[in-house]
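2 protein chains.
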Amino acid sequence: MNFFSKKANEILPYVPGEQPKDGEYIKLNTNENAYPPSQKVKKALDNLDVSRLKLYPDPESTILRETMAEILGLNKENIFVGNGSDEVLAIAFQTFFMEKDNILMPDISYSFYPVYSDMYNVKAKIVPLKDNFTIDINDYIVPNNGIIIANPNAPTSISLSRDEIEVIVKNNTNNVVIIDEAYVDFGGETVVSLINKYNNLLVIRTLSKSYSLAGLRVGFAIGNKELINGMNKIKNSFNSYPIDFIAQTLAVEAIKDVEYFDKTRNMIIDTKQRIKKQLENIGFTVLESKANFLFIMHKDKKAEDIYNDLRKNKVLVRFFNKPKINNWLRVTIGTDEQMDRFIKIIKEIVG
Amino acid sequence: MNFFSKKANEILPYVPGEQPKDGEYIKLNTNENAYPPSQKVKKALDNLDVSRLKLYPDPESTILRETMAEILGLNKENIFVGNGSDEVLAIAFQTFFMEKDNILMPDISYSFYPVYSDMYNVKAKIVPLKDNFTIDINDYIVPNNGIIIANPNAPTSISLSRDEIEVIVKNNTNNVVIIDEAYVDFGGETVVSLINKYNNLLVIRTLSKSYSLAGLRVGFAIGNKELINGMNKIKNSFNSYPIDFIAQTLAVEAIKDVEYFDKTRNMIIDTKQRIKKQLENIGFTVLESKANFLFIMHKDKKAEDIYNDLRKNKVLVRFFNKPKINNWLRVTIGTDEQMDRFIKIIKEIVG
Chain A
0 MNFFSKKANE ILPYVPGEQP KDGEYIKLNT NENAYPPSQK VKKALDNLDV SRLKLYPDPE
60 STILRETMAE ILGLNKENIF VGNGSDEVLA IAFQTFFMEK DNILMPDISY SFYPVYSDMY
120 NVKAKIVPLK DNFTIDINDY IVPNNGIIIA NPNAPTSISL SRDEIEVIVK NNTNNVVIID
180 EAYVDFGGET VVSLINKYNN LLVIRTLSKS YSLAGLRVGF AIGNKELING MNKIKNSFNS
240 YPIDFIAQTL AVEAIKDVEY FDKTRNMIID TKQRIKKQLE NIGFTVLESK ANFLFIMHKD
300 KKAEDIYNDL RKNKVLVRFF NKPKINNWLR VTIGTDEQMD RFIKIIKEIV G
Chain B
0 MNFFSKKANE ILPYVPGEQP KDGEYIKLNT NENAYPPSQK VKKALDNLDV SRLKLYPDPE
60 STILRETMAE ILGLNKENIF VGNGSDEVLA IAFQTFFMEK DNILMPDISY SFYPVYSDMY
120 NVKAKIVPLK DNFTIDINDY IVPNNGIIIA NPNAPTSISL SRDEIEVIVK NNTNNVVIID
180 EAYVDFGGET VVSLINKYNN LLVIRTLSKS YSLAGLRVGF AIGNKELING MNKIKNSFNS
240 YPIDFIAQTL AVEAIKDVEY FDKTRNMIID TKQRIKKQLE NIGFTVLESK ANFLFIMHKD
300 KKAEDIYNDL RKNKVLVRFF NKPKINNWLR VTIGTDEQMD RFIKIIKEIV G
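Shown next, in the form of structure tokens:
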């Protein structure tokens, strides 16, 4: 007896980073923010009208889209909201790439992209990074039916400049180019300002990283009105109300608190630079990071061994057992205290 | 230029009931609960650790699944959680029905089912209800590749008994039978107790109606462990964390407050019986409802005219401009005060 669809039989799901249920770990494995969300989120929660939960939320997340549009100098028609950037990506794949072939993506990038490709019958054309883990933009100026690039890329942490992305976008005007900017606020250059110039550019954002709201599940797509309309058709054929009332309310307040946003992302950038140097001093190669994590390799000790030793010491980092990156570790930037402890432990491990 | 996938070009999305942004309407159009959620939800919100939002939620909603399992006398392996029962239904369609033909569903039922069929390439076989809007179970004891029935059905409000559903389930052991029990707590008979007897039965539930939490987006599928595992594969190929931390936390408290749940659903059942009689007294035919809404037709006045007149008087009900039901209205049961005002206004309209 097999009750399942062909897809349910065959698909290999994405495996998220571990979420330990006890709180004793230093958790540097899923690129969450080191700092709590804005106090304005707390205040909005305290003032929330619980009885409002009996009603459905606004299916169009109007106020949230208006707030995001205002911050970015755009209109709400340029903004799509989803249940985290994962849902936004899944809907973008269905809207622009489903059933198509020759969709370009880097061989080393967010590992959910190949899962979406399998899920939505996309024939991806996997483009190898250069040996130094950078993207060669010329690889994306070739015939194709769509492009997705994470910028900064994950898990490498390396970024393309706005000008480099623009070269890709303007040489692919027949296809949608998706730039996943989940980590852009930690030092990268956003291409959001280009969406009014190019109707084929879609930018993906999330509140999970730079806004300290991974637990709230809010992500965005930003693009030309026509692209956003197409995504709404798919979303409204799937789930009318994917963003609950509380998430819509709290997300608005987090976005409005620009001061706290700037303060915390700058703290993480500062900690990152300090920790990068300390890791280099004890024999690590550390890629130039524009994200809230470092991608590191030790000159002597194997990544998997370091990963296991860290784990024994109650520090979680991310190890990907995949070709080309299986001697590297991805380390989220935590608070200064967490990172000092991380450095102390990893020094002992590699010393 | 067409940037879209074939599906994004062709799909006709679901249109949810209107969510007016001002509060001046008596809102009897989307089957929300008349009463606010349990005070325990409010208390959980007050005690929520906002800093926890910086971390991803439990991707498996473990505590929530355990809580629901305990209430139902099952194990957490029997429970799937999604972002409202719409997401649960979408994932169930992908897991069990996608790309299949001959999936049976009633011609008059939840209007999202045909949208899911289009979205996931399901060739539905549409089974007409009998003239009195009831389901003939013999229509479902024929060769097929899957069945979905809402019980109680919407928008008719009519219910099959547990025994009738069991006859369908036990005569379709090669196929999955999905029973959507969104409205069952308002007077219907649940078939949850049959899931240990039949491995082909999947029951869908939601907190949106009987738990007063439409704004929170929590729905469930309940079934044999193997069915639930299949749904998890599809879910984890789409979005690892569709239920945010706050929704998981608050849902647990709502489910635990059995006393409030029973009190409010009984209040709605009582109001419903009272309003049914009053509508009958002024010339309405009212179907026997096991849901939190009534399906009504007037002997003289056209449904669309009543709908428009109610709207002018700031009362929203649902009118479906579809064959067979375009002279009927679906009216959600509100508070006694709301329903008294509704009766007063509709009396004037048909009087």
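So the sequences go chain by chain: A and B.
Residue 99 in numbering that gives the first Met the number 0 sits at position 100 of the first sequence, and the numbers go up by one each step.
Residue 42 in numbering that gives the first Met the number 0 sits at position 43 of the second sequence, and the numbers go up by one each step.
Using N, Cα and C, we set each Cβ at its ideal position, and we do this for glycine too.
Fair warning: this is a prediction, and the values are worked out from it, not measured in the lab.
Can you tell which of the options has its C-alpha closest to the C-alpha of residue i?
i                      : options                       : result
residue 175 of chain B : B/162, B/118 and B/104        : B/104
residue 288 of chain B : B/185, B/307 and B/16         : B/185
residue 254 of chain A : A/194, A/233 and A/208        : A/208
residue 196 of chain A : A/213, A/217, A/203 and A/169 : A/169
residue 43 of chain A  : A/294, A/249 and A/330        : A/249
residue 1 of chain B   : A/138, A/49, A/173 and A/219  : A/173
residue 143 of chain A : A/163, A/234 and A/126        : A/126
residue 61 of chain B  : B/51, B/48, B/278 and B/75    : B/75
residue 59 of chain A  : A/243, A/320 and A/334        : A/243
residue 260 of chain A : A/33, A/37, A/7 and A/22      : A/37
residue 203 of chain B : B/213, B/181 and B/49         : B/181
residue 218 of chain B : B/340, B/63, B/318 and B/327  : B/63
residue 319 of chain A : A/108, A/230, A/98 and A/34   : A/108
residue 139 of chain B : B/198, B/53 and B/177         : B/177
residue 304 of chain B : B/115, B/251, B/328 and B/53  : B/328
residue 24 of chain A  : A/67, A/347 and A/340         : A/340
residue 334 of chain A : A/68, A/35 and A/22           : A/35
residue 325 of chain A : A/141, A/41, A/155 and A/165  : A/155
What residues are listed by DSSP as bridge partners for residue i?
i                      : result
residue 218 of chain B : B/81 and B/205
residue 44 of chain B  : BP columns for residue 44 of chain B are empty, so no partner.
residue 354 of chain A : Absent from the model: residue 354 of chain A. The displayed extent of chain A is 0 to 350, so no value can be given.
residue 310 of chain A : DSSP output for residue 310 of chain A lists no bridge partner at all.
residue 331 of chain A : A/292
residue 105 of chain A : A/126
residue 26 of chain A  : A/315
residue 200 of chain A : A/176
residue 145 of chain A : A/102
Where residue i and residue j are concerned, what is the direct C-alpha to C-alpha distance, given to the nearest angstrom?
i                      : j                      : result
residue 111 of chain B : residue 16 of chain B  : 12 Å
residue 358 of chain A : residue 19 of chain A  : What is shown of chain A runs 0 to 350, which leaves residue 358 of chain A out entirely.
residue 77 of chain A  : residue 223 of chain A : 6 Å
residue 258 of chain B : residue 39 of chain B  : 11 Å
residue 149 of chain A : residue 11 of chain B  : 31 Å
residue 220 of chain B : residue 201 of chain B : 7 Å
residue 85 of chain A  : residue 237 of chain B : 7 Å
residue 216 of chain A : residue 83 of chain A  : 4 Å
residue 342 of chain B : residue 9 of chain A   : 55 Å
residue 145 of chain A : residue 349 of chain B : 58 Å
residue 310 of chain B : residue 346 of chain B : 14 Å
residue 321 of chain A : residue 344 of chain A : 25 Å
residue 230 of chain B : residue 101 of chain B : 21 Å
residue 251 of chain A : residue 70 of chain A  : 11 Å
residue 91 of chain B  : residue 94 of chain A  : 21 Å
residue 313 of chain B : residue 29 of chain B  : 15 Å
residue 387 of chain B : residue 317 of chain B : An answer regarding residue 387 of chain B cannot be provided, because it is not within the stretch 0 to 350 covered by chain B.
residue 336 of chain A : residue 278 of chain A : 16 Å
residue 128 of chain B : residue 160 of chain B : 16 Å
residue 99 of chain A  : residue 114 of chain A : 15 Å
residue 241 of chain B : residue 31 of chain A  : 17 Å
residue 225 of chain B : residue 55 of chain B  : 27 Å
Under the assumption that residue i contacts residue j (Cβ atoms under 8 Å), give the Cβ distance between them as a whole number of angstroms.
i                      : j                      : result
residue 271 of chain A : residue 332 of chain A : 5 Å
residue 179 of chain A : residue 286 of chain A : Contact doesn't hold; Cβ gap of about 18 Å is too wide.
residue 97 of chain A  : residue 131 of chain A : At roughly 33 Å, the Cβ-Cβ gap does not stay under 8 Å, so residue 97 of chain A and residue 131 of chain A are not in contact.
residue 157 of chain B : residue 133 of chain B : 6 Å
residue 53 of chain A  : residue 213 of chain B : 6 Å
residue 6 of chain B   : residue 118 of chain B : 7 Å
residue 315 of chain B : residue 26 of chain B  : 5 Å
residue 211 of chain A : residue 13 of chain B  : Not a contact, Cβ separation roughly 34 Å.
residue 284 of chain A : residue 296 of chain A : 5 Å
Consider the C-beta atom of residue i and the heavy atoms of the ligand GTP; say whether any pair is separated by less than 7 Å.
i                      : result
residue 297 of chain B : Ligands in the displayed structure: none, and consequently the ligand GTP is not present.
Checklist entry - Between the region 211-223 of chain B and chain A, which residues of the former have CB atoms less than 7 Å from a CB of the latter, in chain order? => result For the region 211-223 of chain B, the set of positions with a beta-carbon nearer than 7 Å to some beta-carbon of chain A reads 211, 212, 213, 214, 215 and 216 in chain order.
Next on the checklist: Counting only Cβ-Cβ distances shorter than 7 Å, please list the residues of the region 40-73 of chain A near chain B, keeping chain order.
Outcome noted: Here the close residues are 40, 41, 44, 47, 49, 50, 51, 52, 53, 54, 55, 56, 57 and 58.
Checklist entry - Using a Cβ cut-off of 7 Å, which residues of the region 221-244 of chain B contact any Cβ in chain A, in chain order? => result For the region 221-244 of chain B, which is checked against every Cβ of chain A, the residues closer than 7 Å are 226, 229, 232, 233, 235, 236, 237, 238, 239, 240, 241, 243 and 244.
Checklist entry - Which residues, in order along the region 77-102 of chain A, keep a beta-carbon less than 8 Å from a beta-carbon of chain B? => result If the cut-off is 8 Å between Cβ atoms, the region 77-102 of chain A has 82, 83, 85, 86, 89, 93, 94, 95, 96, 97, 98 and 99 near chain B.
Item to check | Within 7 Å of chain B by C-beta, residues of the region 175-188 of chain A in sequence order | outcome: Listed by position along the chain: 175.
Next on the checklist: Tell me which residues of the region 14-37 of chain B have at least one Cβ-Cβ distance to chain A shorter than 9 Å, keeping chain order.
Outcome noted: Of all residues in the region 14-37 of chain B, only 14, 15, 16, 18, 20, 26, 29, 31, 32, 33, 34, 35 and 36 place a beta-carbon less than 9 Å from a beta-carbon of chain A.
Item to check | Residues, ordered as in the chain, of the region 118-144 of chain A that lie near chain B by beta-carbon distance below 7 Å | outcome: So the list reads 118, given in the order they occur along the chain.
Checklist entry - Between the region 314-348 of chain B and chain A, which residues of the former have CB atoms less than 7 Å from a CB of the latter, in chain order? => result Correct list: empty, as no residue qualifies.
Checklist entry - Given a limit of 7 Å on CB to CB distance, which residues of the region 188-212 of chain A reach chain B? => result Residues passing the 7 Å Cβ filter: 199, 211 and 212.
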